[in-house]
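Residue numbers (this note's numbering), protein chains in the order written: chain A, 7 to 502; chain B, -8 to 220. Each residue gets a CB set at the ideal place from its N, CA and C atoms; glycine is no exception. I have placed the structure first, in the form of structure tokens, so that the comments after it can refer back to it.
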Amino acid sequence: MTATLLLRRYLSEYARRPLNVALLVIVPVLFVYLAASAIVDFASIVGEVGDPDRLSGPTAGWAAAFLAGVSGFFLVLGSREADQRLATAGMRPMRIVAARLGSGLVLALLAGGGALLALALRTDITDPVRAVGGTLMFAVIYLAIGAAVASVIKSAVNGSLVVVFVWMIDVFLGPAMAGADNAISRWFPSHYVTLVMLDEPSGHGAPWGDLGWALMWATAAVVLAGWLFYSATAGPRTRTVTAPGSRRYVAALRFGLREYRRNPAMWVLLVVLPVFFTSLSFWVTPDDPAPVRLVENGRSAIAILSMIDVHGAIMVPITVAFLSGLAGMFVVQSSLEADGRLALAGYRASEVLVARLSVIAAAGLLTAAVSLGVTAVDFAPEQWGVFALATVIVALTYGMVGVLAGSLFGRVGGLYVMFLIPFVDVGIAQNIMFSAVPPGWGRFLPSRGAVSFLVDGAFTATVDELGSLLLSLVWVAGLIVTTAFVFHRISSPERI
Amino acid sequence: MSSAAEAGPGSALSGFDDREFVLAASGVTKSFRRRGWRRRRPLRVLVDAAVELRRGEVVGLVGENGSGKSTFMKILVGNLARGGGDVDRLGTIGYCPQEPILYELATPDEHFELFGHAYDLDVATMEASRDEIYDTLGFADHRDVRVEELSGGTRAKLNLGLALLPDPTVLLLDEPYAGFDWDTYLKFWDLTARRKKDGRSILIISHFVADEERFDRIVHLKDGRTLDE
């Protein structure tokens, strides 16, 4: 009875933010409908499972996993202290743990349902039991990962980044991409579930088979998360006590950078992820021919390039867009209230905004520099200057998109959105790996100009895409103006 | 805020003309749109709220939980847009919000440095004021500790300290002593008495007034309206 009451209360708590519930359905639907085909194409190119129909199955699981992980994380983190208080007041911690994980499971089912619906619309689900069961296991495993991370890490920024990082490694180094018999990936959370959904035997030899392993992973993940959450809820928790104009701007900027430096998760993310993804793209891509439309000396023609080079080049803006977006979102979100107080104390909203945007630009530049440095090991663009400039423009563009997503959708919704937009825009709509000419609808998305300019710099010896450069700068300027407007509204409510 | 606008024609009170009042608000209203799935009637928090603060005056603003005290103070500070009414302020304002609004990854020293810039204080003035606040409230030992590692009481001290830093003409304090130990509570009132003597004006929000004799006047807020005691 009490557990049911708790479950109902926890679910209604989440449902009181209608936007989060809507995004919980919209994001997996869009992900599976739009992004999944690109991932399938990608997996077909780099992986050993060549059949696109079989590869479609896990995409629903991946979407459900991401949503379940993020919602599980915030579900536990957002009420950690209140749950501890409830336990102190006499509620049995096991009931609290069961109700929290139960409500998370309902949300995971919602996300999984949306993903499966989109999958059914996209392809024929030939084996519904496998698809539904696999998606559910994905969701359960990641729900547990989200809850476990929230039980251990207090910071919303660091914890959610850990969840996203685990998901990315799991998906992009998992058996769909790197093959079923990879010794490292068999330790990844969704290794066996992916193989079950692919109907691909792992050959790891155990009497209970891959389904048994997958179920064991799901059970172990829930037990571990339950234990960590139980310890965090039941255990005693005590707090450990341990010049106008440029001068003001410099002080605010120095302060912002110092604050940023103290967030180790962001550092890891901005340095390790570009190294990881860019290097990985060179290592895993087969040296197949890739047709790409290029403009050189004013003449447009289809050139046949190496898939390795194409993948390596396009992975730079994908990585940079994703990371700059997250940095933009978290840098502003984590200090929005305190920035408001600072503006109230005398800083002009524009000074605070410029300082914050400078920190985001610094984060974007760092990510861009690391990505370019790693790229230089395996690939030499025809025009380094153009390639680097385009990368920086992508970083600035998505830094601003991140600020806006955080301001408009909040932390949870913003994270969903910042997962989806770079994927759909840079990953699909501008991706020359999948099509010699990127799709027409991509011209309305933020990175069209910058990525076209980047491709021009990567593969031609002359600058022909000045129109694209102009388009990208218009996007950056437009986003800066919009961001300034939104930030000003937040910082100076009296003047609305 | 470092410098509030001086009162002009149409001010809430004519007392501004002879500089008697440093803060005056009248007829202030505020409603909030209610969130959720269903469209519901806005929540009316303030119907007709007013307050005047003279030089060297310590005024208490009291009312039940949810009576709109913090909303009223945010409007007085300029942190929240009002629905209607007039608010006039004179001189610098120091605001201490009810819940500490701080940068989790920064230390108290770094907060004072940054807010010193915000208030446009020169380094020597900021440092002198900061050290006095450390001494008075007794948290100099934690000056290099990140906010995320501070106790609730020390956060409350820093929260108040940021409002005190510029020695403002008007101090607007929302439950400033919540979380203080008895010794710090007494120090807080000593500090208030000193600032009052120097001609500073202070408006303090409280659920109830335990030390009535410390206030010059008490203003009650009930059903969105203010009543002078």
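| Query | Result |
| --- | --- |
| Three-way DSSP call (helix, strand, coil) for B:Tyr86 in this model | strand |
| When A:Thr488, A:Ala442, A:Gly78 and A:Val135 are compared against A:Ala296, the one with the closest alpha-carbon | A:Ala442 |
| The region 150 to 168 of chain B contacting the region 80 to 93 of chain B, beta-carbon criterion three pairs below 8 Å | yes |
| Residues that B:Ala109 contacts on chain A, provided the C-beta gap is smaller than 7 Å | Leu348, Ala351, Gly352 and Tyr353 |
| Residues of the region 330 to 345 of chain A with Cβ closer than 8 Å to any Cβ of chain B, in chain order | Ser340, Ser341, Glu343 and Ala344 |
| Backbone secondary structure at A:Ser377 - three-state DSSP | helix |
| Nearest to B:Ile196 (by Cα), restricted to the options B:Asp219, B:Leu141, B:Gly51 and B:Glu140 | B:Gly51 |
| Length of the line joining the Cα atoms of A:Ala71 and A:Trp173 | 8 Å |
| Beta carbon proximity, B:Phe106 to chain A, threshold 8 Å | yes |
| heavy atom of the ligand SAH below 7 Å from A:Leu477 C-beta | Looking at this structure, you won't find the ligand SAH or any other ligand, since it has none at all. |
| Buried/exposed call for A:Phe491, threshold 16 Cβ in 10 Å | exposed |
| Chain-ordered neighbours of A:Ala257 on chain B, where CB pairs are closer than 8 Å | Glu104, Leu105 and His108 |
| Below-8 Å beta-carbon distance, B:Ile196 vs any chain A residue | no |
| Alpha helix (DSSP H) segment containing A:Ala307, residue limits | Here A:Ala307 belongs to no alpha helix (DSSP H); instead the beta strand (DSSP E) covers Arg305 to Ser312. |
| CB-CB length for B:Glu104 against A:Ala257, believed under 8 Å | 7 Å |
| A:Arg245 (DSSP reduced to helix, strand or coil) | Low local confidence applies: a pLDDT of 35 at A:Arg245 is under 50, so the model's placement there is unreliable, with the coordinate-based value given in what follows. Three-state DSSP puts A:Arg245 in coil, outside helix and strand. |
| Touching by the beta-carbon criterion (3+ pairs, under 8 Å), the region 67 to 87 of chain B and the region 12 to 24 of chain B | yes |
| Separation of B:Asp100 from B:Asp135, as counted between CA atoms | 6 Å |
| Cβ of B:Ile227 within 8 Å of any chain A Cβ | Outside the shown range of chain B (-8 to 220) lies residue 227 of chain B, about which nothing can therefore be said. |
| Residues bridged to B:Ala16 [DSSP beta-bridge criterion] | B:Val42 and B:Val78 |
| Neighbouring residues, chain A, relative to B:Ile92 (Cβ below 9 Å) | Glu343, Ala344, Gly346 and Arg347 |
| C-beta atoms of A:Arg136 and A:Met203 nearer than 8 Å | yes |
| Residue(s) in a DSSP beta bridge with A:Gln296 | Just to set this straight, residue 296 of chain A is Ala in the shown sequence, not Gln. A:Leu311. |
| Rounded C-alpha distance that separates A:Ile147 from A:Ala227 | 6 Å |
| Cβ neighbours of B:Gly(-1) in the same chain (closer than 7 Å, five flanking residues each side left out) | Confidence in B:Gly(-1) is poor, its pLDDT being 42 and thus under 50, which makes the residue's placement unreliable; the coordinate value appears in the next sentence. Closer than 7 Å at Cβ, skipping near neighbours: no residue. |
| Contacts around A:Trp447, its chain only, beta-carbon distance under 7 Å, and the 5 residues preceding and following it disregarded | Ala435 |
| Chain A contact for B:Tyr86 (CB, 8 Å cutoff) | yes |
| Which of helix, strand or coil DSSP assigns to A:Asp205 | coil |
| Per-residue burial, A:Phe237 [other beta carbons within 10 Å of its own, 16 or more giving buried] | Residue identity check: residue 237 of chain A is Ser in the sequence provided, not Phe. Exposed, because fewer than 16 other Cβ atoms sit within 10 Å of the Cβ of A:Ser237. |
| Cβ contact check for the region 421 to 431 of chain A and the region 478 to 485 of chain A: 3 or more pairs under 8 Å | no |
| Where B:Leu93 falls: helix, strand or coil (DSSP) | coil |
| Per DSSP, the bridge partner or partners of B:Val49 | B:Ile193 |
| Rounded straight-line distance, which links the Cα of A:Ser453 to that of A:Leu476 | 12 Å |
| Supposed close pair A:Ala74, A:Ala105 - CB separation, criterion 8 Å | Actually they do not touch by this definition, with Cβ atoms about 17 Å apart. |
| The region 51 to 66 of chain B / the region 118 to 128 of chain B touching (three or more Cβ pairs under 8 Å) | no |
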